[in-house]
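Residue numbers (the UniProt record's numbering), protein chains in the order written: chain A, 1 to 409; chain B, 1 to 409.
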């Protein structure tokens with residue numbers, strides 16, 4: 001098994017530390033805690049990484065994938081632009097701001113990163129069908145990756161998602177099942193399906209393949225550090241849905257320090273939620289260590305997870321690093337999407353409006369240091385959430401093709 | 001002036017060879033022929049290029065831009081994936097097929113490449129407003145790049161474009177003027193505007209900045225050759241709107257040969273049009289050297305240019321290289337979009353359906369050699385032409401969250 005998973009050596013329980021062989025398991029048999037991948041990295045150098053492909057596979061020595069992963073049929077996501085956002089920084093009063101723009105990925109969200117790792121695990125475990133519960137972006141990433149890899153796909157979404165996300169998940173040829181309910185109900189349904197003979201030989205990327213899948217988010221940390229010239233940012237604003245992405249970016253930064261690839265400089269991690277689904281932000285503000293589930297009601301549907309699995313870990317990381325968790329209203333989300341577009345030419349989906357809106361709110365509150373090097377994540381694409389900007393989905397003016405008509409406006 | 005335009009030394013007339021200083025000119029004063037950029041390249045090595053950024057600026061020594069262009073406020077497009085398309089190749093009966101997937105660019109079309117060059121020229125010439133006539137993708141690329149560069153934008157489109165393209169062009173904050181008429185009428189209007197005081201200090205990327213703008217398409221040729229391991233493909237299928245992209249890819253291949261960066265191996269260039277706007281294909285089949293304008297009627301709106309400026313050059317290149325020009329119906333375009341998606345996980349806009357549809361047609365007709373190394377271009381994004389796949393813009397099924405309900409389907 002070791003060859004297929006590269007530097008990964010075991011699964012270990014995040015709660016009690018119990019170790020298990022690498023397999024399609026996700027919960028500790030001792031304490032029911034979540035399992036994550038444990039590694040034996042050996043030596044990894046900046047030069048080795050720089051000599052790799054311009055995709056997440058340049059970090060294959062830090063991921064649970066085989067050394068020849070780049071030769072396999074995979075979407076090869078990553079190495080997206082880290083945009084120096086001087087205009088937005090000036091508008092917000094920040095000296096040094098970058099936007100990590102993950103809309104450049106193959107299906108235009110960060111989900112291509114996590115799915116790419118899950119596909120390799122699915123292949124190794126002999127699964128013939130790739131599946132997931134999804135708030136939309138993941139469904140498209142899974143069906144696209146399955147098409148490329150030659151696997152079947154059957155994905156599950158809340159039935160009321162944006163049309164663009166539905167079309168994108170269908171066009172790749174997999175089955176797309178709408179569930180009458182919230183994402184959390186879709187997720188519970190998938191957990192039942194895994195225990196049923198119907199779901200045999202199915203790899204649910206965010207359930208029984210979750211330990212592998214989640215590691216894909218570490219590549220955001222690696223890329224940000226490498227693109228900054230091999231150093232850590234001082235402040236970073238990350239969206240929180242399940243919370244997995246935020247915890248894995250923290251894990252990625254810590255690995256880079258441990259391997260001597262970056263200096264051990266302090267960084268503050270800030271989580272961003274939509275007010276209409278802000279259980280982690282609410283817990284943070286109340287000083288709680290656990291998260292009270294909520295029923296989501298927000299235009300940021302890709303973040304609409306009311307019962308976030310990694311919520312407690314997000315709270316822990318925000319507090320440990322001196323960061324925080326904040327939320328913004330739907331109106332603030334729309335304003336932030338427009339602000340990012342007008343200043344930097346980046347059209348974010350509503351989740352990007354959440355991070356930029358929270359960034360703005362934190363600067364105004366004095367919580368963020370305006371002099372510190374700051375990174376904000378855009379994890380998705382505005383073309384998938386057009387309703388959020390429907391007020392400007394028409395020309396400024398419509399005229400006949402004549403100079404007189406143009407002069408008149 | 002020479003520093004601002006790097007290796008470019010003059011504008012020269014494509015028809016009569018007359019030379020002019022580098023300036024915002026686009027037509028020969030002697031014969032009204034189109035002007036293009038002339039260079040004095042000196043020595044350019046693979047190593048120099050490989051040491052550059054992962055954007056079109058790695059080829060800055062081959063473009064009319066300054067040596068420090070990567071430090072300026074620009075969208076930094078390019079270095080998109082060249083996808084090894086084994087599944088699609090197998091479906092079509094081709095031994096070696098790659099898809100150059102330009103949907104990974106910042107605004108998800110190849111237009112970011114050409115606009116990036118035009119922005120630098122606009123800066124140098126002191127234009128304060130960036131403008132264009134557009135079938136949709138260009139409008140978004142221009143307004144995004146203007147936002148990033150800190151320029152004003154005012155762009156012109158046919159009023160009946162896809163909603164996603166309209167929203168994308170508006171969100172970046174520029175003025176978007178819908179014109180009641182076809183693209184060709186929009187284009188004529190812009191030519192009038194340039195001669196009017198209203199359009200003073202305006203850089204129309206595809207009119208008075210066209211010689212610079214058009215050079216951006218050469219980067220597709222450079223990237224394809226470098227990503228194939230520094231060699232030319234044997235066959236390539238390219239969409240034809242104005243025809244500029246196809247002629248510049250040919251120019252790029254010839255430059256690489258002249259500079260000794262690739263071996264001088266033969267390549268065949270094939271142009272692809274939608275049957276509802278196929279003036280170049282019609283001229284090719286009739287054996288004509290000039291193109292008879294048509295009134296477009298096709299779902300491939302980004303290719304709907306009825307009076308293509310570079311039509312005669314496309315005919316010449318297709319004949320000289322032993323290639324051809326072919327067209328496909330709207331139904332074939334939709335089928336090809338779905339085929340590309342289901343085999344490779346790439347969601348193309350209708351223009352990508354045109355190239356893949358033509359590829360299929362040419363293989364079936366025996367015009368393409370199934371054993372030769374072939375590249376097909378996808379120049380845009382399916383999220384912008386969702387209407388083309390509206391028949392599948394719904395879940396396969398909608399059920400309650402229960403195993404019984406799932407079993408029933």
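From the three backbone atoms N, C-alpha and C, an ideal C-beta is built for every residue, glycine too.
| query | result |
| --- | --- |
| Can you name the residues of chain B whose CB is closer than 8 Å to the CB of residue 180 of chain A? | 398, 399, 400 and 401 |
| Can you list, in chain order, the residues of its chain with a C-beta nearer than 6 Å to that of residue 1 of chain A? Leave out the 5 residues immediately preceding and following it. | Caution is warranted here: a pLDDT of 46 is assigned to residue 1 of chain A, below 50, making its placement in the model unreliable, and no coordinate value can be reported. |
| Please report the distance separating the alpha-carbon of residue 400 of chain B from that of residue 188 of chain A. | 12 Å |
| Please determine if the segment 273-285 of chain B and the segment 314-327 of chain B are in contact, where contact requires at least 3 C-beta pairs separated by less than 8 Å. | yes |
| Taking only three categories from DSSP, how would you classify residue 240 of chain B? | coil |
| Could you check how far apart the C-beta atoms of residue 345 of chain B and residue 210 of chain A are, in whole angstroms? I think they sit under 8 Å. | Their Cβ separation, rounded to whole angstroms, is 22 Å, which puts residue 345 of chain B and residue 210 of chain A out of contact at 8 Å. |
| Can you look up residue 392 of chain A in the DSSP assignment and give me helix, strand or coil? | helix |
| Following the continuous alpha helix (DSSP H) through residue 285 of chain A, name the residue where it begins and the one where it ends. | 279-286 |
| Excluding sequence positions up to five away, which residues of its chain have a Cβ less than 6 Å from the Cβ of residue 381 of chain B? | 103, 108 and 349 |
| The alpha helix (DSSP H) that contains residue 224 of chain B, what's its start and end? | 218-227 |
| Determine the extent of the beta strand (DSSP E) in which residue 95 of chain A is found, giving its start and end residues. | Neither: residue 95 of chain A is in no beta strand (DSSP E) and is coded neither H nor E. |
| Please determine whether the Cβ atom of residue 153 of chain A lies at a distance below 8 Å from any heavy atom of the ligand FMN. | The ligand FMN is not part of the structure shown, which contains no ligands of any sort. |
| Using beta-carbon positions only, say whether residue 122 of chain A and residue 207 of chain A come within less than 9 Å of one another. | no |
| Residue 382 of chain B CB to nearest chain A CB: under 9 Å? | yes |
| Below 8 Å between beta carbons is the criterion; list the residues of the segment 192-213 of chain B that meet it against any residue of chain A, in chain order. | 192, 193, 196 and 198 |
| Compare the Cα-Cα distances from residue 273 of chain B to each of B:299, B:177, B:263 and B:185 and report the closest residue. | B:299 |
| Looking at C-alpha atoms only, which residue of A:17, A:247, A:53 and A:86 is the closest neighbour of residue 80 of chain A? | A:53 |
| Going by other Cβ atoms of all chains shown within 10 Å of its Cβ, with 16 needed for buried, is residue 5 of chain B buried or exposed? | buried |
| Does the CB of residue 101 of chain B have a neighbour CB from chain A at under 9 Å? | yes |
| Residue 293 of chain A: which of A:241, A:224, A:78 and A:264 sits nearest, CA to CA? | A:241 |
| If residue 389 of chain B and residue 337 of chain B are in contact, beta carbons under 8 Å, what's the gap, nearest whole angstrom? | 6 Å |
| With a threshold of 6 Å on Cβ separation, who are the neighbours of residue 96 of chain B within its own chain once the five nearest residues in sequence on each side are excluded? | 373 |
| Helix, strand or coil for residue 1 of chain B per DSSP? | Note on residue 1 of chain B: pLDDT 46, under 50, position unreliable in the model; the coordinate value appears next. Looking at residue 1 of chain B - three-state DSSP - the assignment turns out to be coil, as it is neither helix nor strand. |
| Please state whether DSSP places residue 158 of chain B in a helix, a strand or coil. | strand |
| If you reduce the DSSP assignment to three classes, tell me which class residue 39 of chain A lands in. | strand |
| Kindly indicate the opening and closing residues of the alpha helix (DSSP H) around residue 352 of chain A. | 350-364 |
| Please compile the residues from chain B whose C-beta is within a distance smaller than 8 Å of the C-beta of residue 163 of chain A. | 386 and 393 |
| What did DSSP end up calling residue 275 of chain B once you bin it into helix, strand or coil? | coil |
| Can you list, in chain order, the residues of its chain with a C-beta nearer than 7 Å to that of residue 396 of chain B? Leave out the 5 residues immediately preceding and following it. | none |
| Counting pairs of beta carbons, one from the segment 113-128 of chain B and one from the segment 139-154 of chain B, are three or more of them closer than 8 Å? | yes |
| Please give the ranges of any beta strand (DSSP E) in the segment 24-112 of chain B, keeping only runs that are unbroken, at least 3 residues long and fully inside the region. | 35-39, 82-84 and 96-101 |
| Is there at least one Cβ from chain B nearer than 9 Å to residue 150 of chain A's Cβ? | yes |
| By the 10 Å Cβ neighbour count, where 16 or more other Cβ atoms means buried, how is residue 290 of chain B classified, buried or exposed? | exposed |
| Residue 333 of chain A CB to nearest chain B CB: under 9 Å? | no |
| So residue 169 of chain A and residue 140 of chain A are supposed to be a Cβ contact under 8 Å. How far apart are they, rounded? | 5 Å |
| When we look at the beta-carbon of residue 295 of chain A and count the other beta-carbons within 10 Å, is it buried (16 or more) or exposed? | exposed |
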